[in-house]
Amino acid sequence: MISLAKQLSSEDKADVPGEIERTGSAELAETVKKATAVIQNEDGKIVGSVSIPTDVVKLKQMEQLQKDFIANMTHELRSPLTSIKAALEILGHEASKPGDSSRSILNTAIRNTERLNSIITDILDFSKLQSGKLVFHQENTPADEITREAAESMKAWATSKGVALSARTELQIPYVYADKRRTVQVLINLISNAIKFTPQGGTIEVSADAGRDALANFVFFSVRDTGCGIKKEDQAKIFEKFVQIASGEKMGGTGLGLAITKAMVIMQGGKITLDSEPGRGSTFRVSLPVYKGQTDQPVFEQVTQAGPEDKSWWKKLIGI
Ligand code: ADP
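Following the numbering used here, the numbering of the sequence shown begins with 243 at its first residue and continues without gaps.
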């Protein structure tokens, strides 16, 4: 970056970018437009300008480098973490004799590697979203498998917290057109929040129901908890990146979970809604399209090909 202060020479003193274009390159005029302050004399007349021109191409390269760095680093962080967790689990089996106190120490270590892993996953997914590399492989997927897999993988944590977690799927529910792994991940994000914000003795119900009448083209997944709930004024905010609402106890996390979750739902042609009352609990509902013989075409790629004006919705969502 270079700093540039100059006396204006054109007739139209307010035309700063025009002035720079006349004396410099068109590209410079474009960037300078965004970072120019005019200098006025005591009578308020514009007598000069101070600009900080930036090299757009270099800036873009730097941004890309930064995104690639985060994506690579998170990937690198995950591999040793996986092997630490495996080693701890093996030690856990060895230390399973009754009365062995190292068992609970190992459990704490395993729980913390899982937490770290989920934070790294959030950062990795977020950086993939930012660089447009999050691709979905949608196919015909049984809704009950999604519900069951998500609930089963969170059961042990819920039980250890004294929260009852149950799952049910309506009989003969249609298949959804979804990326199974990503959709299980969506439900896992919602269930893990539900566990975090539901006190001991509470309940969490995960379910899948077919939409009726005008909504017959959708399947609705719900995660209902009896936790602390979310105030009306915070309900839209929590889907923004880095937003965490003070809910008494500090719960950790990145504040990225719901922003990523919402992006993953929208990119698959679905919607996410929230119904919550402080002190009574929350219900997050995710709708996804019913499978009607669609081909496996990543929705996200269709979106990026649609033109810059159509891309803005997801950029706005994740704040880039
Ligand atoms: P994090 O990854 O830090 O949990 P999220 O984006 O998943 O961030 O959630 C943002 C905030 O939304 C949380 O900090 C919490 O205040 C609120 N929240 C999310 N789910 C629930 C829930 N089931 N009950 C109460 N509050 C919730």
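Yeah, the Cβ is synthetic: ideal placement off N, Cα and C, and Gly gets one too.
Query raised in the report: Nearest CA to the CA of E447: which residue from K375, V465, E305 and I487?
Result: Here residue 447 is taken as the residue at index 205 of the sequence shown, counted from 1. Closest by alpha carbon: V465.
Query raised in the report: Nearest-angstrom Cα distance between K534 and Y419?
Result: In the sequence shown, residue 534 corresponds to position 292, counting from 1. In the sequence shown, residue 419 corresponds to position 177, counting from 1. The straight-line gap from Cα to Cα measures roughly 8 Å.
Query raised in the report: Within the present structure, is the beta-carbon of N435 separated from the nearest heavy atom of the ligand ADP by less than 7 Å?
Result: Position 193 of the sequence shown holds residue 435. True, at least one ligand heavy atom lies under 7 Å from that Cβ.
Query raised in the report: Between the C-alpha atoms of K422 and P520, what's the straight-line distance to the nearest angstrom?
Result: Residue mapping note: residue 422 aligns to position 180 of the sequence shown, counting from 1. Residue mapping note: residue 520 aligns to position 278 of the sequence shown, counting from 1. Roughly 32 Å separates the two Cα atoms.
Query raised in the report: Taking C-alpha atoms, which residue in Q427, A450, P441 and I514 lies nearest to Q202?
Result: Given a span of 243 to 562 for the chain in the structure shown, any question on residue 202 remains unanswerable.
Query - Contact check, G453 vs F439, beta carbons under 8 Å - result: On the sequence shown, residue 453 is found 211 positions in, with the first residue counted as 1. On the sequence shown, residue 439 is found 197 positions in, with the first residue counted as 1. Going by C-beta atoms, G453 is not nearer than 8 Å to F439.
Requested in this report: Express the C-alpha separation of G469 and G490 in angstroms, rounding to a whole number.
Outcome: Residue 490 sits at position 248 when you count from the first residue of the sequence shown. Residue 469 sits at position 227 when you count from the first residue of the sequence shown. Residue placement at G490 is poorly supported in this model, since its pLDDT is 46, which falls under 50; the coordinates still yield a value, given next. Take the alpha-carbon of G490 and the one of G469: they are about 12 Å apart.
Requested in this report: Tell me whether Q282 sits in a helix, a strand or coil according to DSSP, three-state version.
Outcome: Mapped onto the sequence shown, residue 282 falls at position 40. Collapsing the DSSP output to three states places Q282 in a strand.
Requested in this report: Keeping to the same chain, check which residues put their C-beta closer than 6 Å to that of E356; ignore five residues upstream and five downstream.
Outcome: Numbered from 1 along the sequence shown, position 114 holds the residue referred to as residue 356. If we look at E356 and ignore the five residues flanking it on each side, it has no Cβ neighbours.
Query - Candidates M304, T278 and G286, of which the one nearest V292 by Cα - result: Locating residue 292 in the sequence shown gives position 50, where the first residue counts as 1. Among M304, T278 and G286, the Cα nearest to that of V292 belongs to T278.
Query - Coarse secondary structure for F439, derived from DSSP in three states - result: The residue labelled residue 439 in the question sits at position 197 within the sequence shown. Looking at F439 - three-state DSSP - the assignment turns out to be coil, as it is neither helix nor strand.
Query raised in the report: Is it right to say T324 is buried, meaning 16 or more other beta carbons lie within 10 angstroms of its own, or is it exposed?
Result: For the purposes of this step, residue 324 is identified with residue 82 of the sequence shown, where counting begins at 1. Exposure of T324 is indicated by the presence of fewer than 16 other C-beta atoms within 10 angstroms of its C-beta.
**Report entry** Proximal residues to G471 (C-beta, below 7 Å), its chain only, five neighbours per side dropped
**Finding:** Counting from one through the sequence shown, the residue named residue 471 turns up at place 229. Excluding residues within five positions, the ones whose Cβ falls inside 7 Å are S518, E519, P520, G521, R522, G523 and S524.
Query raised in the report: By Cβ distance below 6 Å, which residues in the same chain neighbour Q536 in space, the five residues on each side in sequence not counted?
Result: On the sequence shown, residue 536 is found 294 positions in, with the first residue counted as 1. Only Y419 meet the Cβ criterion.
Query raised in the report: Of the residues I514, T363 and L429, which one's Cα is nearest the Cα of N314?
Result: On the sequence shown, residue 314 is found 72 positions in, with the first residue counted as 1. Comparing Cα positions, the closest option is T363.
Query - Bridge partners - D467, DSSP secondary structure assignment - result: Sequence index remark: in the sequence shown, residue 467 carries index 225 (1-based). Paired residue(s): I446 and S524.
Query raised in the report: Between I361 and E331, is the Cβ-Cβ spacing less than 8 Å?
Result: The residue you call residue 361 lines up with position 119 of the sequence shown. The residue you call residue 331 lines up with position 89 of the sequence shown. No, Cβ-Cβ distance for I361 and E331 is not below 8 Å.
Query raised in the report: CA-CA distance, S373 and I502?
Result: Residue 373 sits at position 131 when you count from the first residue of the sequence shown. Residue 502 sits at position 260 when you count from the first residue of the sequence shown. Distance between the alpha carbons of S373 and I502 is about 13 Å.
Query raised in the report: Just to confirm, does S449 get its C-beta within under 7 Å of one of the non-hydrogen atoms of the ligand ADP?
Result: By 1-based counting over the sequence shown, the position of residue 449 is 207. Checking every heavy atom of the ligand ADP against the Cβ of S449, none is found closer than 7 Å.
**Report entry** C-beta neighbour in chain C for R424, strict 8 Å
**Finding:** The chain inventory of the structure shown lacks chain C, comprising one protein chain alone.
Requested in this report: Assign V428 to buried or exposed, taking buried as 16 or more other Cβ atoms, counted over all protein chains shown, within 10 Å of its Cβ.
Outcome: As a first step, residue 428 is located in the sequence shown; it is residue number 186 there, counting from the start. It counts as buried.
**Report entry** Rounded separation between P540 and T445 - CA only
**Finding:** By 1-based counting over the sequence shown, the position of residue 540 is 298. By 1-based counting over the sequence shown, the position of residue 445 is 203. Low confidence applies here, because P540 scores a pLDDT of 49, under 50, leaving its location unreliable; read the following figure in that light. Answer to the nearest angstrom: the Cα atoms are 36 Å apart.
Query raised in the report: If we ignore side chains and look at the alpha-carbon of each, how far apart do G404 and K397 end up?
Result: Along the sequence shown, one-based indexing puts residue 404 at 162. Along the sequence shown, one-based indexing puts residue 397 at 155. Rounded to whole angstroms, G404 to K397 spans 11 Å at the Cα level.
Query - Neighbour-count burial assignment, A400, 16 or more Cβ in a 10 Å radius - result: Stepping through the sequence shown from its first residue, residue 400 is reached at position 158. Within a 10 Å sphere around the beta-carbon of A400 sit 16 or more other beta-carbons, which makes this residue buried.
Report task. Flag this pair as yes or no: are the beta carbons of V528 and I508 separated by less than 8 Å? Result -> One-based indexing of the sequence shown puts residue 528 at position 286. One-based indexing of the sequence shown puts residue 508 at position 266. Result no, Cβ atoms of V528 and I508 do not sit closer than 8 Å.
Query raised in the report: In the structure shown, what three-state DSSP assignment does E356 receive?
Result: Taking the first residue of the sequence shown as 1, we reach residue 356 at position 114. Three-state result, E356: helix.
Report task. Sort K473, L530, E482 and I433 by Cα distance to Y417 and report the nearest one. Result -> Here the question's residue 417 lines up with position 175 in the sequence shown. Selected option, being the one with the closest Cα: L530.
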